[in-house]
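S.K.: As you go down the protein sequences, you meet chains R and F in turn.
Sequential numbering from -7 applies to the first sequence in my numbering.
Sequential numbering from 2 applies to the second sequence in my numbering.
Glycine residues also receive a C-beta, built at the ideal position from the N, C-alpha and C atoms.
There's a structure below that I have some questions on.
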Amino acid sequence: MAKLKLASYWAAACGGCDVAILDVHEKILDIAAAADIVFWPIATDFKYSDVEAMPDADIDVTLFHGAIRNSENEHLARLLRAKSKILVAFGSCAHIGGIPGLANLFSREDILKRVYLETPSTVNPEKITPDPRTAVPEGEITIPVFHDAVRPLNQVVEVDYYVPGCPPTPAQIWNVVQAIVSGQLPEKGSVVGASEKTQCDECTRKKQEKKISGFKRIATVQPDPDTCFLEQGFLCMGPVTRGGCDTRCQLSGVGCRGCYGPPPGVLDQGAKALSAITSVIESKEEADVQRIVDQIPDVLRSFNRFAIPASLITRKVL
Amino acid sequence: MTFEPKIVGILCNWCSYTGADLAGTSRIKYAPNVRVVRVMCSGRVDPTFVLKAFADGADGVLVAGCHPGDCHYIEGNYKTIRRIALLKKMLADYGIEPQRFRLEWVSAGEGDRWAQVVNSITEDVRKLGPAKIREFSASTLRAAGARSHKTA
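Structure below.
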């Protein structure tokens, strides 16, 4: 059998997904034995032009991480879609928008102003902001166009499989690689490398009846290491987050942040989180409930940290 | 053409839906802008319903249930109180004006109150004009040349 051709690309991402792939440690050698890596910007020196020169559907599997933030991301998404038999949205950003998706709560102009003019560490007396085309003595130079909003990969091209996580766990990555190599992939459009149940189903913390009489923040109070975070009043997205990561965060002493995205059947992770968590607040008085919910700063970003671009309302109305 | 607000009303079966019925049988005249969806209890109102209504083009959303203490299921509307308090904050984070979303208690005997509530939210939303949520999301995607389909 010919070796598989494998590609990995980062769009609007932090690079953590690439590091997670390397975190399979010596098994990377098994991956290299089963597959030829034909494009992987963080680790190899292939150029975009090498991909453009490939025939269509030449790559067997592309692991695409990162959201679509600018015209370069979008170009590569379309290019790799054309050149790949299987395109995998890999990691939270490609799957549901991820952390870059939080930028959908600001306008494009506000982001550019903040980053290039206002941050305390910026020195920019000439007030230079990025321009897609700039004339220089040698000719014209271009840079990618910054889009209005962040989108997950499936809002730009058709996606065959989704691997959730910020980043996906190395154990799950290895499972996915084995599924690819053995050709035992599930139905197209499936989420792979994760469970069909929620985090709470896997979580080993002690769970009793949930009642919340006030919200606490992990930065100011030390949580009990064995009890459910919600029962202690700490936010945890466990009830509305797909399992499969072995509850990494809960085992490390912080509540789930929701990176594996919504479980099957949930349209909007943030709305479901709100529904689940507020219904166990221990009060029947409107004023008292208001006092308790006011203890949660930054509601939308706490309850829908990773999935705003893939939610019912994909961005702030400006 | 003048703007007529489209408002989705989500009403509990036992109090508010019956109250709206009473407004009808009493022949009270009031604004025709609220499209009513009946649920068994205001505690059944998942915040997803409210976001979906806005995402699908509603200019306003009105949730109505039994007065606290009067719930047919004893505790249902207490859950509503808790959810709606935080949902209002989430809607504000999305940039949706607070006048577009309301929780009201309307009993089965308050047909006149139902009419007042509907007239009042209709006027509030009329003053604000159309909600831009749907067009805004769609135009963002169009501007970036996207086609949208659902996550698995």
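Could one say the Cβ of F:Gly61 lies closer than 7 Å to chain C's Cβ atoms, at least one of them?
M.R.: Reference to chain C is not applicable here, since the protein chains of this structure are R and F.
S.K.: Should R:Val11 go down as buried or exposed, given a rule of 16 or more other Cβ atoms within 10 Å for buried?
M.R.: R:Val11 comes out exposed.
S.K.: Anything in chain F within Cβ reach of R:Ile135, meaning under 7 Å, just list it in chain order.
M.R.: In chain order: nothing, as chain F lies at least about 17 Å away.
S.K.: DSSP three-state label for F:Lys133, please.
M.R.: Here F:Lys133 sits in coil by DSSP.
S.K.: Whose Cβ in chain R lies nearer than 7 Å to the Cβ of F:Ala56?
M.R.: Here the neighbours are Leu304 and Ile305.
S.K.: Start and end of the alpha helix (DSSP H) containing F:Leu23?
M.R.: Counting along the chain, the alpha helix (DSSP H) containing F:Leu23 begins and ends at Ser17 to Thr26.
S.K.: Take the Cβ of R:Pro156 as the centre, count every other Cβ of all protein chains shown within 10 Å, and call the residue buried at 16 or more, exposed below.
M.R.: R:Pro156 should be labelled buried.
S.K.: So F:Gly66 is in the beta strand (DSSP E); what residue range does that whole segment cover?
M.R.: Gly61 to Gly66 is the extent of the beta strand (DSSP E) around F:Gly66.
S.K.: Where does F:Phe4 sit, in a helix, a strand or coil, going by DSSP?
M.R.: The answer is coil: DSSP assigns F:Phe4 none of H, G, I, E or B.
S.K.: So, under 8 Å CB-CB, F:Thr81 and F:Val64 are touching, yes? Tell me the CB distance rounded to an integer number of Å.
M.R.: Rounded, the Cβ-Cβ distance is 7 Å, consistent with contact.
S.K.: What three-state label does DSSP hand F:Cys42 in the structure shown?
M.R.: It is coil, neither helix nor strand.
S.K.: If you measure between the beta carbons of R:Ile60 and R:Gly253, is that distance less than 7 Å?
M.R.: In this structure, R:Gly253 does not lie closer than 7 Å to R:Ile60 by Cβ.
S.K.: Please list the terminal residues of the continuous beta strand (DSSP E) segment that includes F:Trp106.
M.R.: Residues Phe102 to Trp106.
S.K.: Fully enclosed by the segment 132 to 176 of chain R, which alpha helix (DSSP H) runs are 4 residues long or longer?
M.R.: Within the segment 132 to 176 of chain R, the complete alpha helix (DSSP H) runs of at least 4 residues are 162 to 173.
S.K.: Sort R:Cys9, R:Lys180, R:Val291 and R:Ala(-1) by Cα distance to R:Leu68 and report the nearest one.
M.R.: Nearest option by C-alpha distance: R:Ala(-1).
S.K.: Let me confirm a value: F:Arg39 is counted as buried when at least 16 other C-beta atoms fall within 10 Å, else exposed. Which label applies?
M.R.: The residue is exposed, with fewer than 16 neighbouring Cβ atoms inside 10 Å.
S.K.: For F:Thr152, is the classification buried or exposed, using 16 other Cβ atoms within 10 angstroms of its Cβ as the cut-off for buried?
M.R.: In this prediction, F:Thr152 scores a pLDDT of 36, lower than 50, which makes its location untrustworthy; no coordinate-derived value is stated.
S.K.: So if DSSP puts F:Cys13 in a beta bridge, which residue, or which two residues, is it bridged to?
M.R.: Beta-bridge pairing links F:Cys13 to F:Val40.
S.K.: If I'm right that R:Gln191 touches R:Cys248 with Cβ under 8 Å, what's the distance once you round it to whole angstroms?
M.R.: R:Gln191 to R:Cys248, Cβ: 5 Å. Contact.
S.K.: Return the CA-CA distance between R:Glu44 and R:Leu177, expressed in angstroms with no decimal places.
M.R.: Rounded to the nearest angstrom, the two C-alpha atoms are 27 Å apart.
S.K.: Can you give me the start and stop residues for the alpha helix (DSSP H) that R:Asn65 sits inside?
M.R.: First-last of the alpha helix (DSSP H) with R:Asn65: Ser63 to Lys75.
S.K.: When DSSP builds the beta bridges, which residues end up paired with R:His57?
M.R.: Bridge partners of R:His57: R:Trp2.
S.K.: For R:Glu66, count the other beta carbons within 10 Å of its own beta carbon; 16 or more makes it buried, fewer makes it exposed. Which is it?
M.R.: So R:Glu66 ends up on the buried side.
S.K.: Give the secondary structure of R:Ala265 by DSSP, where H, G and I count as helix, E and B as strand, and everything else as coil.
M.R.: The answer is helix: DSSP assigns R:Ala265 an H, G or I state.
S.K.: Closer than 6 Å: is that where the CB of F:Arg36 sits relative to any heavy atom of the ligand NAD?
M.R.: No copy of the ligand NAD appears in this structure; indeed no ligand is present at all.
S.K.: Only counting the same chain, and skipping five residues up and downstream in sequence, which positions put a Cβ closer than 8 Å to that of R:Leu(-4)?
M.R.: So the list reads Ala26, Ala27, Asp28, Asp52, Val53, Ile172 and Val173, once near-sequence residues are dropped.
S.K.: Got a sec: is the Cβ-Cβ distance from F:Thr49 to anything in chain R below 7 Å?
M.R.: Closer than 7 Å to some Cβ of chain R, the Cβ of F:Thr49 qualifies, so yes.
S.K.: Can you give me the Cβ contacts of R:Lys208 inside the same chain, cut-off strictly under 6 Å, excluding the 5 residues immediately before and after it?
M.R.: Excluding residues within five positions, the ones whose Cβ falls inside 6 Å are Gly225 and Phe226.
S.K.: Does R:Leu55 have its Cβ less than 7 Å from a Cβ in chain F?
M.R.: Answer no: the Cβ-Cβ gap between R:Leu55 and chain F never drops below 7 Å.
S.K.: Name the residue from R:Arg73, R:Gly8 and R:Asp193 whose alpha carbon lies nearest to the alpha carbon of R:Cys220.
M.R.: Checked all of R:Arg73, R:Gly8 and R:Asp193; the closest Cα to R:Cys220 is R:Asp193.
S.K.: Quick one: what's got a C-beta closer than 7 Å to R:Ser294's C-beta in the same chain, skipping five residues either side?
M.R.: Same-chain partners within the cutoff: Leu227 and Ile288.
S.K.: DSSP on R:Phe226, reduced to helix/strand/coil?
M.R.: Reduced to three states, the DSSP call for R:Phe226 is strand.
S.K.: At a CB-CB cut-off below 8 Å, which residues of chain F make contact with R:Gln282?
M.R.: In chain order: Ala86.
S.K.: Of all the CB atoms in chain R, is at least one closer than 7 Å to the CB of F:Lys7?
M.R.: So no, F:Lys7 is outside the interface.
S.K.: Over what stretch of residues does the beta strand (DSSP E) that includes R:Ala27 continue unbroken?
M.R.: Unbroken beta strand (DSSP E) run through R:Ala27: Ala27 to Phe31.
S.K.: Taking the alpha carbon of R:Tyr1 as the reference point, which residue from R:Pro47, R:Ser76, R:Val285 and R:Lys276 has its own alpha carbon closest?
M.R.: R:Tyr1 has its Cα closest to that of R:Ser76, out of R:Pro47, R:Ser76, R:Val285 and R:Lys276.
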